[in-house]
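Line by line, the protein sequences give chains Z and X.
With the first letter of the first sequence counted as 1, position 106 gets the number 106 in the numbering used here; the numbers rise by one all the way through.
With the first letter of the second sequence counted as 1, position 177 gets the number 177 in the numbering used here; the numbers rise by one all the way through.
We put the beta carbon where it would ideally sit given N, CA and C, even for glycine.
There are 2 protein chains.
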Amino acid sequence: MNYRFSDTMESFKSSAVRDILKLTQGKSIISLAGGLPNEQYFPVEAVRDAFSRVFDQGKGVLQYGLTEGFTPLRESLVKHLARSKNIHVGIDNMLITTGSQQAIDLLTRVYIEPGDVILVEKPTYLAAIQVFQSYKARLVSVDCDEHGMNLEDLELKVQQYNPKMIYVIPTFSNPSGKAWSLERRVGTLDICKRHEVLILEDDPYGELRFGSGETFPTLFSLYGEAENNPVVYTSTFSKIVAPALRTGWVVGDPRVIRNMTRAKQAADLHSSTMDQQALHQLFEHFDLYSHIDLIRTQYEARMRQMLELLKAQAWEGVHWIEPKGGMFIWVGMPQGIDTQELMKYAVEEGVAFVPGVSFFADNPENNKMRLNFTHTDSDQMKLAFERLDRALNRMRETAAL
Amino acid sequence: MNYRFSDTMESFKSSAVRDILKLTQGKSIISLAGGLPNEQYFPVEAVRDAFSRVFDQGKGVLQYGLTEGFTPLRESLVKHLARSKNIHVGIDNMLITTGSQQAIDLLTRVYIEPGDVILVEKPTYLAAIQVFQSYKARLVSVDCDEHGMNLEDLELKVQQYNPKMIYVIPTFSNPSGKAWSLERRVGTLDICKRHEVLILEDDPYGELRFGSGETFPTLFSLYGEAENNPVVYTSTFSKIVAPALRTGWVVGDPRVIRNMTRAKQAADLHSSTMDQQALHQLFEHFDLYSHIDLIRTQYEARMRQMLELLKAQAWEGVHWIEPKGGMFIWVGMPQGIDTQELMKYAVEEGVAFVPGVSFFADNPENNKMRLNFTHTDSDQMKLAFERLDRALNRMRETAAL
């Protein structure tokens, strides 16, 4: 049988992270590569209790649900967004998705034609790049610094490329861990409003804020109401409750949500209603906000430990931005250190990370790497840096030969 | 904001079933329209027990899972397929999906280019038509009778249109309830093998067999092994356990499965692992096969009641094929009775069905309707037919005026 796959398959290159996981199979490797939350803080008893409450309601809980999502969960989320994000919308502005990944996919499906330009951050989330490429969008990176997108470069590229959409993670980005300044948020919204460019604001990490004081308004809330909002906002329970429940949400103008809902109906009818009903019970009977505070504190401690370890290595020419939240530190190695090459030595030494090149839509920088600090325990993290140091030294020695 | 949606949206017309549900909102309507299993037979205590066993395993059950699906569930399904379907494959031939709807979507995504021809049955599943149209496939219907696709017409259309794929529901089809004869199964497989046309065999209802004796081999098993099999086979737990768990599976050549897995990774990373782990526990600790026997017996009794009611109306010129399984009776009204028109009278009288036109990819027949017999209880079903009779009489009187 000669299978005749579509051109789309050209874009589904094997993921870098996946290849790395293959390399590590069967070996005793400490992985700073994944983007996994720490199991230790999964509220498993609360989730068990939530499911139990769902089953108490009888057989009807096992029936088909609405494509839009379980209505009481959408009502809970409307309250959550008002409380935590200053986002004030109704349930008709919201669609429940199978993780925020599906929100990215569905919006691209209803909005992007082959050849349409999408502007992205430099660097940006690799699985979003994959989605955009699978719909044959043309991706263009906008220059960024620690405060967010460079507004002059954004304005220039909006004029030059007439993009249909920009994709951003303004708060504790994957991979860079940074948070955009208010000025860049306002400026980006302003440019996109003027040029009618849709903004996909991806906010999976927004609740994982370190320190107290500073807050980071979502682009969505800076515009205000849902109607005519150029921003489509998505987030997920994966980082604040648990990923296994695969439940995310997306908020926007009712026309955008209605079209995404139609696309979702074709894609999978609806997401698991078991998970959705349980998450509604969790909102009702569990103190989610104290739980988020616990995760914040624990993740910040891990981030501080990783920063100390990085500093202690005193690798010449290494630089990073201190994360204000999230799950990752984005490390720049000196020019000339190709992190894909370094990765081979690292795996031999028993440690893994994600080389930075996968996070660039164009003009990749090969001296960057993404380190995850949420999933590795204290002792292991120390060991990981010893191994990373050995890998770096071996690579330098080999290069010098 | 001027939202610039993609052309894809043109194909996402509002679904007929959805429009009907809107008509019925707030009214006391008996619906023969939906495709819902009967809640009465949902094994809610077994499902509760299965989830409880999952939580007994600790916090790790809440972590991210593999895109391919939860490995022990795939192993359980491999055994199930060998036992129930004479399908003998390994777990590398299988992907877990969010219902079989997602399997249709993902296969279309990796296999179909805009303009590619897909051959379908006449009539066929309306939500599959939606998916194919959303990828801008060109749909061509093949003539069918109660034994399946007309093989001469199939051969002719394969030669004429050079289709990339055919989509079939050979066993207890939605909407027609019929089961293909062995001859048509073998003949269809043979034609597609010779012309290298991929077959998507959709089998959500295959377990809901009425009577004893007669069995219906899947097209997949008639070919044999997964490698080079022109058949991609999909099924679901929605009809044998419960729809809320949104878990289906798809089986095929490893190249097909690998490509669909990549597409799924972009689409939603993976389906709910809560549901997948619970379904694995259900296989281990629940007698699924006795449960399926119970559903079969109950659904067959409802189907017989509906047939009796149909016969008792003695509507002139009405015809149908007695279902050998599944959830639906496909009723042909006399020429001149437009069931979309009839539907308006029916809703006024307090009963709903799905007019047949939605199930045709081309050349719709407007005198057909789909009646669901699984979801309506005995008394209500009697009442439904009284109302349907009144609707038909009123429509005829109005037409005669």
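Among residues of its own chain, excluding the 5 on either side of residue i, which ones have a beta-carbon nearer than 6 angstroms to its beta-carbon?
i: residue 295/Z; result: 41
i: residue 340/X; result: 355
i: residue 56/X; result: none
i: residue 286/X; result: 46
i: residue 164/X; result: 116
i: residue 337/X; result: 367
i: residue 259/X; result: 110
i: residue 275/X; result: 245, 247
Could you round the C-beta distance between residue i and residue j to whole angstroms and report it? I think they count as a contact, below 8 angstroms.
i: residue 373/X; j: residue 306/X; result: 4 angstroms
i: residue 62/X; j: residue 47/Z; result: 7 angstroms
i: residue 263/X; j: residue 89/X; result: Incorrect: roughly 20 angstroms between the Cβ atoms, too far for contact.
i: residue 231/X; j: residue 199/X; result: 5 angstroms
i: residue 112/X; j: residue 6/Z; result: 6 angstroms
i: residue 175/X; j: residue 385/X; result: No, residue 175/X and residue 385/X are not in contact; Cβ-Cβ is about 19 angstroms, not under 8 angstroms.
Could you pull out every residue in the same chain whose Cβ sits closer than 8 angstroms to the Cβ of residue i, ignoring the five residues on either side in sequence?
i: residue 142/X; result: 119, 120, 121, 122, 149, 150, 153, 154, 157, 166
i: residue 387/Z; result: 30, 346, 349, 350, 351
Chain Z beta carbons: is any one of them nearer than 9 angstroms to that of residue i?
i: residue 117/X; result: no
i: residue 327/X; result: no
i: residue 198/X; result: yes
i: residue 88/X; result: no
i: residue 71/X; result: no
i: residue 251/X; result: no
i: residue 39/X; result: yes
i: residue 131/X; result: yes
i: residue 55/X; result: yes
i: residue 270/X; result: yes
i: residue 177/X; result: no
i: residue 361/X; result: no
i: residue 187/X; result: no
i: residue 289/X; result: no
Just tell me which of the options has its CA closest to the CA of residue i.
i: residue 12/Z; options: 95/Z, 186/Z, 136/Z, 57/Z; result: 136/Z
i: residue 328/X; options: 299/X, 86/X, 334/X; result: 299/X
i: residue 394/X; options: 1/X, 381/X, 363/X, 344/X; result: 344/X
i: residue 376/Z; options: 9/Z, 37/Z, 7/Z, 216/Z; result: 37/Z
i: residue 162/X; options: 110/X, 194/X, 380/X; result: 194/X
i: residue 219/X; options: 138/X, 190/X, 3/X, 240/X; result: 190/X
i: residue 310/X; options: 361/X, 383/X, 145/X; result: 383/X
i: residue 391/Z; options: 304/Z, 353/Z, 97/Z; result: 353/Z
i: residue 32/Z; options: 370/Z, 397/Z, 312/Z; result: 370/Z
i: residue 58/X; options: 244/Z, 125/Z, 332/Z, 274/Z; result: 244/Z
i: residue 83/Z; options: 289/Z, 171/Z, 272/Z; result: 289/Z
i: residue 239/X; options: 187/X, 34/X, 292/X; result: 292/X
i: residue 125/X; options: 138/X, 214/X, 170/X; result: 170/X
i: residue 316/X; options: 334/X, 301/X, 303/X; result: 334/X
i: residue 397/X; options: 342/X, 365/X, 302/X; result: 342/X
i: residue 66/X; options: 97/X, 53/X, 52/X; result: 97/X
For residue i, collect the residues of the same chain with a Cβ closer than 7 angstroms to its Cβ; drop the 5 residues on either side in sequence, then sort them by chain order.
i: residue 181/X; result: 147, 148
i: residue 402/Z; result: Given that chain Z is displayed from residue 1 to residue 401, the structure contains no residue 402/Z and the question cannot be resolved.
i: residue 235/X; result: 100, 203, 204, 206, 248, 249
i: residue 221/Z; result: 85, 86, 87
i: residue 127/Z; result: 101
i: residue 177/Z; result: 321, 323, 326, 328, 329, 330
i: residue 91/Z; result: 71, 74, 75, 78
i: residue 378/X; result: 305
Could you confirm whether any beta carbon from chain X is found closer than 9 angstroms to the beta carbon of residue i?
i: residue 93/Z; result: no
i: residue 274/Z; result: yes
i: residue 324/Z; result: no
i: residue 352/Z; result: no
i: residue 112/Z; result: yes
i: residue 376/Z; result: no
i: residue 47/Z; result: yes
i: residue 2/Z; result: yes
i: residue 211/Z; result: no
i: residue 404/Z; result: Residue 404/Z is absent from the structure shown; chain Z starts at 1 and stops at 401.
i: residue 12/Z; result: yes
i: residue 97/Z; result: yes
i: residue 245/Z; result: yes
Regarding residue i and the ligand COA, is the C-beta to nearest heavy atom distance less than 8 angstroms?
i: residue 121/Z; result: As far as ligands go, the structure on display features none, and thus does not contain the ligand COA.
Given 8 angstroms, three or more beta-carbon pairs between the stretch 266-275 of chain X and the stretch 89-107 of chain X: yes
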